[in-house]
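Sequences listed follow chains A and B, in order. The numbering of the first sequence is the working numbering, which starts it at 1 and goes up by one. The numbering of the second sequence is the working numbering, which starts it at 111 and goes up by one. This report concerns only the one structure given below.
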Amino acid sequence: EDQVTQSPEALRLQEGESSSLNCSYTVSGLRGLFWYRQDPGKGPEFLFTLYSAGEEKEKERLKATLTKKESFLHITAPKPEDSATYLCAVYGGATNKLIFGTGTLLAVQP
Amino acid sequence: NAGVTQTPKFQVLKTGQSMTLQCAQDMNHEYMSWYRQDPGMGLRLIHYSVGAGITDQGEVPNGYNVSRSTTEDFPLRLLSAAPSQTSVYFCASSYSEAGQPQHFGDGTRLSIL
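What follows is the structure, encoded as structure tokens:
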């Protein structure tokens, strides 16, 4: 069965304290892995797409990486405005549907 | 450029009532979809459409109906509301398929009493 698991469920960081969020997946025939950011009361906002193992994408303080079993979202020197829920989704598998993880709630304290 | 617009933002219904959640996009996207988001669960696909006149079921379609008469609009109908349908509903669109970055609306928060 195609599955996506995100960890940790919640993460509290001090401003400037770098860390990583994990997204592990079991999907046969991965065709894309997506990262989204979701602010309270808003819809998810697209951040990155990764297609193959070894690929990396960067945007400001965020860097996403991909292996054959998992993806990491690295946050370097976070700021309070980086506080949000970060969602991972995979596309592919038997049904070619987009499958979302449950997200990591990130809180960055000043 | 409004992107994906959902209305209403909030709604309270009684069990058994019906209603339509509206979704409109102005990006000329062919692919549109509806998700529900519940605490502790990932976004789950309800119905999707790959173009005007074409719809299909997702993971949790029971109790919901959709139609796609135009490229821009993709309404979701609750036929007879049940408390289990209390959720936050998101509409999303992309250029042509699910495997592209999705543009989401800001959701409709629905409570069924």
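No residue lacks a Cβ here, since even glycine has one placed at the ideal position from N, Cα and C.
Element boundaries [beta strand (DSSP E), containing residue i]
i	result
A/Glu58	Glu56 to Lys59
B/His139	Here B/His139 belongs to no beta strand (DSSP E), and DSSP marks it neither H nor E.
B/Leu131	Met129 to Gln135
A/Ser7	Gln3 to Ser7
B/Leu155	Arg154 to Gly161
B/Arg178	It is not in any beta strand (DSSP E) - B/Arg178 carries neither H nor E in the DSSP assignment.
A/Tyr36	Leu30 to Gln38
A/Ser83	Element bounds for A/Ser83: n/a, residue is neither H nor E.
A/Ala107	Thr104 to Gln109
B/Val122	Phe120 to Leu123
B/Ser221	Thr218 to Ile222
Pick from the options that is closest to residue i, judged by C-alpha positions
i	options	result
A/Gln109	A/Asp2, A/Leu13, A/Glu70 and A/Gly103	A/Leu13
B/Gly152	B/Gly161, B/Glu169 and B/Gly163	B/Glu169
A/Ala77	A/Thr65, A/Ala107 and A/Ser28	A/Ala107
B/Val114	A/Ser24, A/Pro44 and A/Pro80	A/Pro44
B/Ala134	B/Thr117, B/Pro211 and B/Arg187	B/Thr117
B/Asp148	B/His213, B/Asn175 and B/Gln195	B/Gln195
B/Leu189	B/Ile164, B/Gly215, B/Pro211 and B/Pro171	B/Pro171
B/Ile164	B/Gly173, B/Arg154 and B/Thr180	B/Thr180
A/Leu50	B/Pro211, B/Lys119 and B/Gly215	B/Pro211
B/Gln167	A/Thr95, A/Glu81 and A/Ala53	A/Thr95
A/Leu105	A/Gly29, A/Asp39 and A/Gly54	A/Asp39
A/Glu1	A/Ser83, A/Ala53 and A/Val27	A/Val27
A/Pro80	A/Cys23, A/Pro8, A/Gly54 and A/Gly16	A/Gly16
Residue i - DSSP class collapsed to helix/strand/coil
i	result
A/Glu70	strand
B/Gln167	strand
A/Glu15	coil
B/Gln147	strand
B/Gln195	helix
A/Glu45	strand
B/Asp183	strand
B/Thr115	strand
A/Gly101	coil
A/Tyr91	strand
A/Asn22	strand
Distance CB(residue i)-CB(residue j) smaller than 8 Å
i	j	result
B/Pro185	B/Leu131	yes
A/Ser20	A/Leu73	yes
A/Gln3	A/Gly103	no
A/Glu70	A/Tyr25	yes
B/Glu182	B/Asp136	yes
B/Ile222	B/Ala191	yes
A/Leu62	A/Ile75	yes
B/Val176	B/Ser159	yes
A/Gly92	A/Leu47	no
Just checking, does the region 78–93 of chain A make contact with the region 31–43 of chain A on the three C-beta pairs under 8 Å criterion? yes
Should the region 124–133 of chain B be called in touch with the region 96–103 of chain A, which here means at least 3 C-beta pairs below 8 Å? no
Do three or more CB pairs link the region 193–206 of chain B to the region 140–154 of chain B at distances below 8 Å? yes
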